[in-house]
Structure formats: C-alpha cells, structure tokens
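Here the structure is laid out as structure tokens; the discussion comes afterwards.
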Amino acid sequence: MRALKIIMAILVLGSIGLASLSCNGDANSEAGGENQIATVQRGDLTVDITASGNLALSVTEDLAFDIPGTIAEITVAEVLVEEGDSVEEGQLLAKLDTSEWNDMLIDLKRDLLQAEIDLKNAELTLEEAEEDTYITPTGDVREQYTDPDEIDILEMRLELAEARFEDAQEALEEANEKSPEIIAPFDGFVTAVNVDGGDEVKTGTVAVAVADPNKFEADILVSEMDIMDVELGGTAWVKVDAIEGLSLPAEVVHISPTATIQSGVVNYQVKVEVKSMEAVMQERQGAMPDISSGEIPEPIRQAIEEGQMTQEEAEAMLEQMQAAREERQAAFEDVQLREGLTVTVSVIVDERADVLLVPNGALTTQGGQTSVQVVLPDGTIEQHTVTTGISDWQYTEVTEGLSEGEQVVVPQGTAATSTTEREGPPGRMIVPMGPPPR
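Just so we're aligned, residue 4 is where the sequence shown starts under the numbering used here, counting upward by one.
Right, here's the structure in full:
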C-alpha cells in the first residue's frame, strides 16, 4: 500500500486551489461513556487570518499626451482603440496633429542656430579685444589698447550668449524627447478612452487608460488583534467565490500604517497581490509529471519492480494520471478573472507540517501547565502534561508529552469535530481551500 499512497500523492500534485484539508488527521472519535475518545494523529496545521474583499487590477496606467511647453493646445488627429480592446506592447493607440508640432520644432532649430551664431560672434569679439595688436585694412600691424571696462562688458556678453545657446539646445532636446503619439507600454487591454479625433487637448490630458488583465490584487481589513501577525511578503491564498474550486496563491505587498476606524472598530488595510493564472498553471503542470511521452515516474517503476503492482495496473494508472492532468488544464485554461469579483483572502500566519494533533477540547490548562487525559491500553485514564505549539479553532499541535496513536479523552461538550465538516468562525481558522498538497 506504500506504493499506492505515493502514486495517489502524484495524482493530486498540480491542483489549483482544489479543496483540501489543512489538518490531515481525522479525529477518529468514539463514544466513551459521557466523553469521546480521539486518537492522536499526525497532520498539517495551518493558522490564518481570513477576510473578504474584491479583486482589483494591480497594473494600470493612464497614458497622457506630453506636449512641449511652447504649445498651449493641440488637436488630436486620431484615436485608434476603443474601451475593451486588447493591445500589445508598442502598439500605437492615439496621435496628435503634427502640423503645429513640426512648425514648433523648426522654430526651435532656428533658435538654436541663431544662438550658436551669437555665441561664436561673442567669442570672436572678446578674443580680438584682448589682442595687443591689430592689423589695419592696409595690412599694417599696430598696437592697441582696450579699456578693461570694455573687456568686462564683452565677457558678460559672452556669458549671456553661452546661456542662450544652452537654453536653446535644452529646449530642442526636450521637444525631441516628447512624442505626438501614445504607445501601449505593455500587453493588456483598454479600460478607458477619454478623447476623440478633433479634440483640443493640453499637455497632461489622459487620452487612454490600459491595464494588465493577468495581474490582480485585493484589499482586506485585518483587526487590531491580528495585524501584528501579518508580515510583508507573507503567503496568502485568494479564493474566488464565483469560480468553484479556484484558489490562487498571493503575497502580502502592503500593510497600512494607519488604522481604519468605523463605529469604534479598529482595522488595518492589507493588500495582497495575486499570482497570475498563467504562472500558477505553469508551476502546477510542472509539479505534476507529464507522462504523455511514455516515461514511467520513479514511484510507479519502483512499485512494479517490488511486485506491488503489475505492468497492466501501472499502465492503467498512467492513463488516469494523464487524463487528470489534461482535465485539470482544460478546467482552468478558460478561467478569466475580472475586476470586482468577490474573494475570500486567507493570510497565512503560521503553519506546521507532519505534526502531532489533538482536538482543542482534549486540553486542560491550569497553573500554567497544559495536560490531557490519556486512555491506557487497559482502559484506565492517566493525566499527562504536554507541551503545545500552534493552535487553530479546532486542533492544537503537541510537541512533547504524547505519541502518535495514543488515545485522549475529549470531555462532553468539546467533542472532536470531523475535519471534513468543520465550518470555522471568522478570523483565524484552518484554510478551507488550502494550499496545494505537499
């Protein structure tokens, strides 16, 4: 059966948010007089903070006309897209009438040329004034004396000519950096078109807004009791309420430093960024072996060699695995997330894998010590002091004092609830949709 368990583990790899249990061990409860008996088992325990929110596009950009300052208004020549259109990076979306734009560039080039001429003249005049001699029209060389005050004036004229040249050069460079066209900065879709051909616009006028349809985020409110457990970069899971069985991994990207207080209730806004469907599909498909090539995964090959399954059983299992892979891919390849969809966000606070678990109702704390009642093989009950780890609303991790397979007493009224039926209260709870099985 060990090989069968390994094979079944392979089959569940690659699921995208399919419902799974954060605590793998059942309570195995049995009535024991007025109490119930629960078996200590190993499982995975996940503690999270859960809240509702709505999907929002996380990568959006308003594309505005960038017009040189010498032009107050300019006419829109053409808008080439409509709201809802898909666009590709580098695609032309809108453009301005360039007749006035071109005239402006010509004027700036003329200004730069004139400034360059004035600068050369100022340099030449100063050089001549500083010479000790000069040549007459008849070719005679004579000494000259130039008043120092005149030299100072010529130097100031040169500085002014240099400044005007630099200004003209900068004005032309800035104009050349601007463009009468609006280009899509990334692949996405148009969320708004604010201008039409023929409109008069100014610099800064937003013409088109675009968004990346594959990148979403969600904001939730976390209470003041739980906010200290939330960390930037922490793991979260986003369950889309309208798409059954879909949960996507996410990351905490922002924690508001200021509180939102409503009716005396203090909360803090937390933003999570959802990993794209495409990235999740690639990861999950990569995690699940593609056996379409006929290559036999190592666990199945080992099971055949050890005689735990026949070649025919292995081939049937491989066919099931490939069918499961294809079915999973087909189920999600047409899924389209949309802004505004209601989601349930679970921010992971802590998690443990393969730990001993007991129902919370079996634990008693007194005088700073936690204990459980252990049912011995002869039916008698013995008090054991235990050391505990993390806990959710139903199960607690035991790090010392118990062994796997031991039975503990769950007093009446605190019965161990089956892990397949639990419905947790808001706030901290086991992640119902869970991360992909490990």
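Note that CB positions come from ideal geometry on N, CA and C, so glycine has one too.
query = By how many angstroms is the C-alpha of residue 236 removed from the C-alpha of residue 76?
reply = Using only the alpha carbons, I get a separation of about 46 Å.
request  = Taking all protein chains shown into account, decide if residue 229 is buried (16 or more other Cβ within 10 angstroms of its Cβ) or exposed.
outcome  = By the C-beta density criterion, residue 229 is buried, having at least 16 other C-beta atoms within 10 angstroms.
request  = Look at the alpha carbon of residue 61 and the alpha carbon of residue 194, and state the distance between them as a whole number of angstroms.
outcome  = Their backbone Cα atoms lie some 13 Å apart in a straight line.
message = Spatial neighbours of residue 276 within its chain, please: C-beta separation below 7 Å, excluding the five flanking residues on both sides.
response = Taken in chain order, the residues that qualify are 61, 220, 253, 254 and 256.
request  = Out of 244, 233 and 243, point me to the one whose CA is closest to residue 260's CA.
outcome  = Nearest of 244, 233 and 243 to residue 260, Cα basis: 233.
query = Can you check whether the CB of residue 196 is closer than 8 Å to the CB of residue 86?
reply = In this structure, the beta-carbon distance from residue 86 to residue 196 falls below 8 Å.
key: Per-residue burial, residue 134 [other beta carbons within 10 Å of its own, 16 or more giving buried]   = Residue 134 should be labelled exposed.
query = Should residue 100 and residue 352 be called a contact, given that it needs their Cβ atoms to be closer than 8 Å?
reply = In this structure, residue 100 keeps its C-beta atom at 8 Å or more from the C-beta atom of residue 352.
request  = Evaluate residue 314 with the Cβ neighbour count: other Cβ atoms within 10 Å of its Cβ, from every protein chain shown; 16 or more gives buried, anything less gives exposed.
outcome  = That one is exposed.
task = Would you please state the rounded distance, in angstroms, between the beta carbons of residue 80 and residue 207? I believe it to be under 8 Å.
result = Actually they are not in contact, since the Cβ atoms of residue 80 and residue 207 sit about 18 Å apart, beyond 8 Å.
task = Give me the Cα-Cα distance between residue 338 and residue 63, rounded to the nearest whole angstrom.
result = In a straight line, the C-alpha of residue 338 is about 21 Å away from that of residue 63.
query = How many Å lie between residue 3 and residue 116 at the Cα?
reply = In the structure displayed, the chain extends from 4 to 441; residue 3 sits before or after that span and is not available.
ask   = Mapping DSSP to helix, strand and coil, what is residue 96?
value = The DSSP-derived three-state label of residue 96 is strand.
ask   = Can you list, in chain order, the stretches of the alpha helix (DSSP H) that have 4 or more residues and sit fully within the region 172-238?
value = Entirely contained in the region 172-238, not one alpha helix (DSSP H) run reaches 4 residues.
Other residues of its chain near residue 129: CB distance less than 7 Å, five sequence neighbours each side excluded = Annotation for residue 129: 157, 158 and 161 place their beta carbon closer than 7 Å to its own, counting only its chain and skipping 5 residues before and after.
key: Coil, strand or helix - residue 112 by DSSP   = Note: residue 112 maps to helix in three-state DSSP.
ask   = residue 203 to residue 91, Cα distance in whole Å?
value = Residue 203 and residue 91 have their C-alpha atoms spaced approximately 27 Å apart.
task = Go through its chain and collect everything with a Cβ distance to residue 132's Cβ below 8 Å, but skip five positions before and after it.
result = The answer, listed in chain order, is 149, 153, 154 and 157.
query = Exposed or buried, which one is residue 38 when buried takes at least 16 other CB atoms within 10 Å?
reply = It counts as buried.
inquiry  = Taking only three categories from DSSP, how would you classify residue 47?
reply    = In the three-state reduction of the DSSP assignment, residue 47 falls in the strand class.
ask   = Could you check where the beta strand (DSSP E) with residue 254 kicks off and where it finishes?
value = Element bounds for residue 254: 250-265.
task = Can you tell me which of 375, 383 and 94 puts its alpha carbon nearest to the alpha carbon of residue 186?
result = Just measuring C-alpha positions, the residue of 375, 383 and 94 sitting nearest residue 186 is 94.
ask   = Do you know how far the Cα of residue 246 is from the Cα of residue 384?
value = Their backbone Cα atoms lie some 49 Å apart in a straight line.
ask   = Tell me the DSSP bridge mates of residue 124?
value = Looking at the DSSP assignment, residue 124 forms no beta bridge with any residue, so it has no partner.
query = Within this structure, are the beta carbons of residue 348 and residue 392 separated by less than 8 Å?
reply = No. Outside cutoff.
task = Reducing DSSP to helix, strand and coil, say where residue 407 ends up.
result = In the structure shown, residue 407 sits in coil (DSSP, three-state: anything other than H, G, I, E or B).
message = Does residue 319 come out as helix, strand or coil in the three-state DSSP assignment?
response = The three-state reading of DSSP puts residue 319 in helix, counting H, G and I together.
key: CA-to-CA distance, residue 227 to residue 390, given in whole angstroms   = Put simply, the backbone Cα of residue 390 is about 28 Å away from that of residue 227.
task = Sort out for me which residues DSSP pairs residue 1 with in a bridge.
result = No information on residue 1 is available, as it lies outside the stretch 4 to 441 that the chain covers here.
request  = Assign residue 104 to one of three DSSP states: helix, strand, or coil.
outcome  = Looking at residue 104 - three-state DSSP - the assignment turns out to be helix.
ask   = In chain order, what residues of the same chain have a beta carbon less than 7 Å from the beta carbon of residue 279, not counting five sequence neighbours either side?
value = The residues are 217 and 218.
task = May I have the straight-line CA-CA distance separating residue 249 from residue 223, to the nearest angstrom?
result = C-alpha separation (whole angstroms): 19 Å.
ask   = Is residue 378 buried or exposed, if buried means 16 or more other CB atoms sit within 10 Å of its CB?
value = By the 10 Å Cβ count, residue 378 comes out buried.
key: Beta-carbon gap between residue 121 and residue 166 smaller than 8 Å   = No, the Cβ-Cβ distance between residue 121 and residue 166 is not below 8 Å.
ask   = So which of 84, 168, 123 and 306 has the shortest CA-CA distance to residue 210?
value = Comparing Cα positions, the closest option is 84.
Range of the contiguous beta strand (DSSP E) that encloses residue 41 = That run of the beta strand (DSSP E) goes 38-42.
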